[in-house]
Amino acid sequence: MSGSTAYLRKALAIVWLHLVRLHRYKLGFMNMILTDMIWYILLALGALAFSPAGSHSVTAVIIFWGIVMWSIMNNTIWLIVGWVRFVLAWRIFEDHILHNTNPILLISGRIITSTIVTATAVPVIAIAFYFLTGAPIIFVKNIGLMALGIVLLIIYAALYSMMLVCLSLRLRIPGAMLDITNIAMFVIGGLGVPLAWMAPIIRNIAFFIPYTYAAEIARAGIAGIEPYFGLTGTLSIGGIYMAIMLLTTIVVIKYSIDYIRRHGVKGVGMM
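If you count by the working numbering, then the sequence shown holds residues -11 to 259, one letter each, in order.
As structure tokens, this is what we get:
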């Protein structure tokens, strides 16, 4: 069997495993979707209550989709890093290493769950929010740009999550406890606020955070807001960040697996 065929079979097996698990835990999965829906609507309505009345038509769109993008990032990170303890508890980490399958790629398959949750919850809440507020959040300017920005955001979050998984295994600390910048990403990560609207000191920080460029691209498609560096510049910077994060993640995963092969895998516990 060729290397590419073997890799494809492993990838399909990982996808199949996560889909089967979704089916078996379908009630918990539905609860996750409903919980996301409630959080979307509460956070969006709460933020809208403090925005100027005359700017609701624009502000509501920015706030709602900012919350959606933050939630996509948050779900991706927490569902991936939170699965480390499950994999270790069921002792399937070592089995995958013995069968020459990278267990970190198995864990990253949780992105399937987070993507389905988002794809199910967002359209329903967008329609509900539209009827509650009248804000034109369901009328997207360019669906292609919106999709590109959201896909880029998911890629960034998944790569970051895999690095957290490796760090979690090395330090024996749950990845969720290592993710200390999560909430702050709504502002300094550019998810909830366009670069052009930020205070200069916060904007200077946001320049160095990859999520900023994914959000700028998505907002250009959602509301037609011109990215701070223009669309071409933002796409270029976003692509550079993705390449850097991809290479860094590959190196970190290789180091982590090599370390585990030499020293064995240790438990990851809670304080």
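Every residue, glycine too, gets a C-beta built ideally from N, C-alpha and C. Since we're looking at a predicted model, the values are computed, not measured.
When you compare each of the options to residue i by their alpha carbons, which one comes out closest?
i	options	result
Ser59	Phe74, Ile80, Thr23 and Ile85	Thr23
Arg160	Tyr13, Gly221, Ser244 and Met186	Ser244
Leu179	Trp53, Arg(-3) and Leu30	Trp53
Ala203	Leu5, Gly132, Ile138 and Arg(-3)	Ile138
Asn90	Ile205, Ala32 and Met150	Met150
Leu141	Ile190, Val46, Ile80 and Thr103	Thr103
Gly190	Thr236, Ala172 and Val3	Rather than Gly, the amino acid found at residue 190 in this sequence is Ile. When only C-alpha atoms are compared, the closest one is Ala172.
Gly97	Ala48, Ile248, Ile143 and Ile21	Ile143
Ala135	Ala194, Gly177, Val153 and Met57	Met57
Lys14	Val153, Val105 and Asn88	Val105
Trp71	Val128, Leu157, Ala114 and Ile213	Leu157
Ala145	Trp4, Ala(-1) and Thr64	Thr64
Asp246	Asn88, Arg9, Arg207 and Ile213	Asn88
If you draw a straight line from the C-alpha of residue i to the C-alpha of residue j, how long is it?
i	j	result
Leu7	Ile100	8 Å
Tyr(-5)	Leu33	46 Å
Arg(-3)	Lys242	21 Å
Pro215	Trp185	11 Å
Ile131	Ile125	12 Å
Met62	Asn170	In the sequence as displayed, the identity of residue 62 is Asn instead of Met. Taking the straight line joining both Cα atoms gives about 7 Å.
Ile80	Phe217	46 Å
Leu234	Val240	10 Å
Tyr118	Leu67	29 Å
Asn192	His11	45 Å
Ile205	Cys154	29 Å
Ile176	Ala114	25 Å
Ile213	Lys129	10 Å
Thinking residue i and residue j are a contact (beta carbons under 8 Å), I'd like their distance in whole angstroms, please.
i	j	result
Arg250	Ile85	Not a contact, Cβ separation roughly 12 Å.
Ala211	Thr121	Going by Cβ atoms, the distance from Ala211 to Thr121 rounds to 15 Å, so no, they are not a contact pair.
Ile2	Leu147	Rounded, the Cβ-Cβ distance is 17 Å, inconsistent with contact.
**Report entry** Segment contact flag, the stretch 189 to 198 with the stretch 217 to 236, C-beta cutoff 8 Å, min 3 pairs
**Finding:** yes
Report task. Say whether the stretch 15 to 30 touches the stretch 110 to 119, bearing in mind that this needs 3 or more beta-carbon pairs closer than 8 Å, one atom from each stretch. Result -> yes
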